[in-house]
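Chemist: Shown below is the structure under consideration.
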Amino acid sequence: MIFPKAIENTNSFIMKLFNIKIKAFLIVVVITAIGFAQDIDLPNVKILATGGTIAGSAASATSGSYEAGQIGIQTMINAVPGIKKLADVSGEQVANVGSQDMTVEIWLKLANRINELLASDDVDGIVVTHGTDTQEETAYFLSLVVKSDKPVVTTGSMRSSTSISAEGPLNLYNAVAIASNPEAKGKGVMVSLNDQIHAARDVSKMNTTNVNSFQSPIKGMLGGVFYGRLGFFREPNTKFGNTSKFSITGVKKLPRVDIIYAYADMAPDLIDMHVKAGAKGIVIAGVGNGNMTDAILNAAKKAYEDHGVIVVRSTRAATGWVLRDNEFKDKDYHTVASGDLNPAKARILLMLALSMGEKLNDMQELFYTY
Ligand code: ASP
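Heads up, the sequence shown is in numbering that gives the first Met the number 0, so the first residue is 0 and it goes up one at a time.
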């Protein structure tokens, strides 16, 4: 019979169609599930933006003149291809300044926010975008007061976002890769630019314009990163993070600590001027191994004896240790040797130590351990 056959054919045609649809549906379900599972597996990285050249823009792609801190964090994230495959990233604008305008107030806000975020199981790592001028200071400050072993990576760029060959997007991509990598745990705050990973304590901006500006002249890089693939070469060897005794809980400001740059025949009354202006501590960017004129050394002694102002000897030399009791006995002048901390970082340690009520007797040990 034709009629029933036709029904049979129609039935099997419908069944085939149905089967194909079910198969297609199942394939879509599986693909979606895999995609979903991958999303779930992606680490959560928060990017906290503070401004700098990485967020800078210029009228011309071939001009060195630009304005720092112009681009918002979402625009920066959108400019990085593949970043969302590395991690579940989201951004927050903490500030938008050239880092020459970085303040203790922003440091405290940033550090408190990082502590809050890292305390949550929902955040695996932090990236801070920052101008390069004072990036080493912010990174070192954070390394002393962030209480977590989850990775915190600061990054920036030497070329503005609108520049020809802007390196900001790759630096940000690499920073997110580091912050989402379990191997980066327990390494303290890291600074990453130009395919390199540096320990916050050891790194300095060494060149005013070059993309290879950041270097750790004494201890060398912590590791390297290449289009998101990374490796570590050594461990940081000072205290930071969970082992640091410094805390900013409840801290609203830090004591004033000034830096005085030493030079031949420097004005002998500089120390007095800073003490009168309210400095509670002074760092001398000394000549050579933290040296200074006799007059300044005696003024340092008097500043401590008369006003309790502690003077730390660092160096204006680009690299090297400042050793205790080198050309005179530090004890005789109540001075402290900065070890390998440069003047800007010695200032941060002294500010934090003073804010926690540390006394001269314990200060030298702090400079050797942190
Ligand atoms: N002046 C800029 C800043 O520190 C320089 C830079 O980011 O490269 O914000």
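Note that the Cβ used here is the ideal one computed from N, Cα and C, for glycine as well.
1) Which residues in the same chain as glycine 219 place their Cβ atom closer than 6 Å to its Cβ, once the five residues preceding and following it in sequence are excluded?
2) Have a look at the DSSP bridge pairing and note the partners of methionine 189.
3) Just reading off the alpha helix (DSSP H) that aspartate 305 is part of, what are its end residues?
4) When you measure from the CB of isoleucine 270 to every non-hydrogen atom of the ligand NAD, does any distance come out below 8 Å?
5) Once you ignore the five residues that flank glutamine 195 on each side, which residues in its own chain have a CB closer than 7 Å to its CB?
6) Ordered along the chain, which non-local residues of its own chain (more than five positions away) have a Cβ less than 6 Å from that of valine 202?
7) For the putative contact between isoleucine 309 and alanine 284, defined by C-beta atoms under 8 Å, what is the C-beta separation to the nearest angstrom?
8) Do the region 155 to 164 and the region 176 to 189 touch if we need at least three Cβ pairs shorter than 8 Å?
9) For the region 130 to 147 against the region 332 to 346, do three or more pairs of beta-carbon atoms, one drawn from each stretch, fall closer than 8 Å, so that the two count as touching?
10) Grab me the residues of alanine 165's own chain with a C-beta within less than 6 Å of its C-beta, minus the 5 sequence neighbours each way, in chain order.
11) Give the straight-line distance between the Cα atoms of glutamine 69 and alanine 294, rounded to the nearest whole angstrom.
12) Got a sec, what are the start and stop residues for the alpha helix (DSSP H) phenylalanine 366 sits in?
13) Whole-angstrom Cβ separation of glycine 124 and asparagine 95, contact assumed at under 8 Å?
14) Can you tell me which of Val286, Arg233 and Val282 puts its alpha carbon nearest to the alpha carbon of histidine 412?
15) Based on Cα-Cα distance, which residue from Ile163, Gly185 and Glu304 lies nearest to alanine 199?
16) Enumerate in chain order the residues of its own chain whose CB-to-CB distance from threonine 237 is below 7 Å, with the five nearest sequence positions on each side excluded.
17) So within the region 57 to 96, which uninterrupted alpha helix (DSSP H) runs reach at least 4 residues, ignoring any that extend past its ends?
18) Alpha carbon to alpha carbon, how far is glycine 71 from serine 89?
19) Take every Cβ of the region 352 to 364, pair it with every Cβ of the region 246 to 258, and state whether three or more of those distances are shorter than 8 Å.
20) Quick one: what's asparagine 43 bridged to in DSSP?
21) In its own chain, which residues sit with a C-beta less than 6 Å from the C-beta of proline 168, not counting the 5 before and 5 after it?
22) Rounded to a whole number of angstroms, what is the C-alpha to C-alpha distance between tryptophan 106 and valine 152?
23) Tell me which residue opens and which closes the alpha helix (DSSP H) that phenylalanine 140 is part of.
24) Compute the Euclidean distance between the alpha carbons of threonine 31 and aspartate 121, then round it to the nearest angstrom.
25) How long is the line joining the alpha carbons of leucine 171 and aspartate 324, rounded to whole angstroms?
26) Roughly how many angstroms separate the alpha carbons of glycine 277 and methionine 265, rounded to a whole number?
27) Use the C-beta contact count for asparagine 360: other C-beta atoms within 10 angstroms, 16 or more gives buried, fewer gives exposed.
28) Would you decide whether methionine 291 is buried or exposed? Buried here means 16 or more other CB atoms lie within 10 Å of its CB.
29) Whole angstroms is fine: what's the gap from aspartate 329's alpha carbon to lysine 275's?
30) In this structure, does DSSP put lysine 330 in helix, strand or coil?
31) Is any heavy atom of the ligand ASP found at a distance shorter than 8 Å from the C-beta of methionine 355?
32) Could you tell me whether any non-hydrogen atom of the ligand ASP is closer than 8 Å to the CB of methionine 157?
33) Hey, methionine 101 and glycine 55: beta-carbon distance below 9 Å or not?
34) Where do the N-terminal and C-terminal ends of the beta strand (DSSP E) with glycine 230 fall, by residue?
35) With hydrogens ignored, establish whether the beta-carbon of isoleucine 53 is closer than 8 Å to any heavy atom of the ligand ASP.
36) Alpha carbon to alpha carbon, what distance is there between valine 335 and aspartate 305?
Modeler: The structure says:
1) none
2) Val152 and Ala198
3) 293 to 306
4) The model on display carries the ligand ASP but not the ligand NAD.
5) Phe213, Met220 and Gly223
6) Glu135, Val190, Phe213 and Ser215
7) No, isoleucine 309 and alanine 284 are not in contact; Cβ-Cβ is about 16 Å, not under 8 Å.
8) The region 155 to 164, when compared against the region 176 to 189, does not touch it at the 8 Å Cβ threshold.
9) yes
10) The answer, listed in chain order, is Arg158.
11) Looking at the backbone, the Cα of glutamine 69 and that of alanine 294 are separated by about 46 Å.
12) 359 to 368
13) Incorrect: roughly 22 Å between the Cβ atoms, too far for contact.
14) No answer is possible for residue 412: the residues shown for the chain start at 0 and end at 369.
15) Gly185
16) The residues Arg200, Thr368 and Tyr369, in chain order, have a CB closer than 7 Å to that of threonine 237 in the same chain once the five nearest residues on each side in sequence are set aside.
17) Entirely contained in the region 57 to 96, the alpha helix (DSSP H) runs reaching 4 residues are, in chain order, 72 to 77 and 82 to 85.
18) C-alpha of glycine 71 to C-alpha of serine 89: approximately 12 Å in a straight line.
19) yes
20) Asp87
21) Ala78 and Val79
22) So the alpha carbons of these two residues sit roughly 15 Å apart.
23) 134 to 144
24) With a pLDDT of 49 at threonine 31, under the threshold of 50, the predicted position of this residue should be treated as unreliable, and no value is reported.
25) Between leucine 171 and aspartate 324, the C-alpha separation is close to 43 Å.
26) 21 Å
27) exposed
28) buried
29) 23 Å
30) helix
31) no
32) True, at least one ligand heavy atom lies under 8 Å from that Cβ.
33) no
34) 228 to 231
35) yes
36) If you take the alpha carbons of aspartate 305 and valine 335, they lie about 17 Å apart.
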